[in-house]
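Numbers given in the numbering used here equal positions in the sequence shown, counted from 1, plus 5.
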Amino acid sequence: MALSRILRAFGPALALAACIPTATPPRAPQPRAPAAAPIPVPPTPKSAAATAYFAQIQQALLAQGLLRSDSGADVPFTDRMLAENFLKIALYDEYRRSGGGFVRQETESLLRRWEGPVRVSVRFGASVPPERKATDRARIASFVGRLAAITGHPIMMDEANPNFFIHVVSEDEREALGPTVRAVLPNLSSGDVAGITQMPRSTYCLVYALSEGNSGAYTRAFAVIRSEHPDLLRLSCVHEELTQGLGLPNDSPRARPSIFNDDEEFALLTDHDELLLRILYSRELRPGMTAAEARPIVFSLASRLMGGDS
6 MALSRILRAF
16 GPALALAACI
26 PTATPPRAPQ
36 PRAPAAAPIP
46 VPPTPKSAAA
56 TAYFAQIQQA
66 LLAQGLLRSD
76 SGADVPFTDR
86 MLAENFLKIA
96 LYDEYRRSGG
106 GFVRQETESL
116 LRRWEGPVRV
126 SVRFGASVPP
136 ERKATDRARI
146 ASFVGRLAAI
156 TGHPIMMDEA
166 NPNFFIHVVS
176 EDEREALGPT
186 VRAVLPNLSS
196 GDVAGITQMP
206 RSTYCLVYAL
216 SEGNSGAYTR
226 AFAVIRSEHP
236 DLLRLSCVHE
246 ELTQGLGLPN
256 DSPRARPSIF
266 NDDEEFALLT
276 DHDELLLRIL
286 YSRELRPGMT
296 AAEARPIVFS
306 LASRLMGGDS
């Protein structure tokens, strides 16, 4: 469903711009007029067509018994299956970076996760109605709290100083998102940026995550969710992009019950996926580990989490 693209930056440059106000005599406070309510932006024909299309997609998936929103408790898995799924999902990338952007090719990679706090901000396009914004913001904040509890890692909402940016935008707003993307992730190539601004309908949502060199430690992430999605598809994108952006970038057809599987069986984070996150943020692992280095530790962690049921 989603697309997680992992980026590595080498020697990022920093710049400082300062605005220093000149001294002025104090003025008496002036009464402020109440802020005008934002004027709703009507959907464009392109956005209206996307809304109808994704409503049909969700309806078709639900009719097939897919997009399950339960925890997957009826689907058994063993500690060995959990460990193998973790190695495939956390230590392999679904996409390979090329000169023109990303191409779909599974490649072995390094273990990546956040070492510092994850500070999440959600930004909405002007086309998103106020009531929809309030619902989305509340759901994202709730899921951020859940992820913090699962991982034991500091993950929080922070609109003042974010490093994990979520943009909920319409078709037209996404096509104009290039300057915003470059401001947050300045090392992106034009092909990388086009992956967002020219995102095909087959990609429901995506996240870019940035690590420094070969450290494996994430420092920034940028996620895009289509505002045209109906309710469940929209929430599934929140679950998948936030979780993938924490360090689970790949999908596997063997992962079940899981959102890290392109069959769309599960829409929301499952019990199996919570265990993947607990393994990922175990202090026994470290960012930058290879699959060979991580493998024995992962199997040991999975056995302990599952009570040794292999």
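Don't be surprised by glycine CBs; every beta carbon is placed ideally from N, CA and C.
Here residue 146 is not bridged, per DSSP, to any residue. Per DSSP, the continuous beta strand (DSSP E) segment holding residue 126 begins and ends at 123-129.
Only residues of its own chain outside the window of five on either side were considered, and among them 276 have a CB closer than 7 Å to the CB of residue 78, listed in chain order. Looking at the backbone, the Cα of residue 269 and that of residue 301 are separated by about 30 Å.
Secondary structure note for residue 231: its beta strand (DSSP E) is the uninterrupted segment 222-231.
In this structure, residue 252 sits near residue 223, with a CB-CB distance shorter than 8 Å. A straight line joining the alpha-carbon of residue 308 with that of residue 211 spans about 32 Å. The segment 152-160 makes contact with the segment 273-287; the number of CB pairs closer than 8 Å reaches 3 or more. The alpha-carbon of residue 73 is positioned some 5 Å away from that of residue 272. DSSP, reduced to helix, strand and coil, places residue 83 outside both helices and strands of the structure shown, so it counts as coil. The C-beta distance from residue 186 to residue 174 rounds to 11 Å, too long to fall under 8 Å, and the pair is not in contact. Secondary structure of residue 302 (DSSP, three-state): helix.
Of the candidates 234, 63, 312 and 161, the residue whose Cα lies closest to the Cα of residue 147 is 161. Annotated as proximal: residue 260 and residue 94, with beta-carbon spacing under 8 Å. Per DSSP, residue 269 is not a residue of any alpha helix (DSSP H), being assigned neither H nor E. Apart from the 5 residues on each side of it in sequence, residue 169 sits with its Cβ closer than 6 Å to the Cβ of 123, 125 and 226 in its chain, given in chain order. In this structure, the straight-line span from the alpha carbon of residue 54 to that of residue 111 is close to 33 Å. At least 8 Å separates the beta-carbon of residue 262 from that of residue 127. For residue 285, the enclosing alpha helix (DSSP H) starts and ends at 276-285. Counting along the chain, residue 214 sits inside the beta strand (DSSP E) bounded by residues 210-217. As the crow flies, the alpha-carbon of residue 167 is around 29 Å from that of residue 207.
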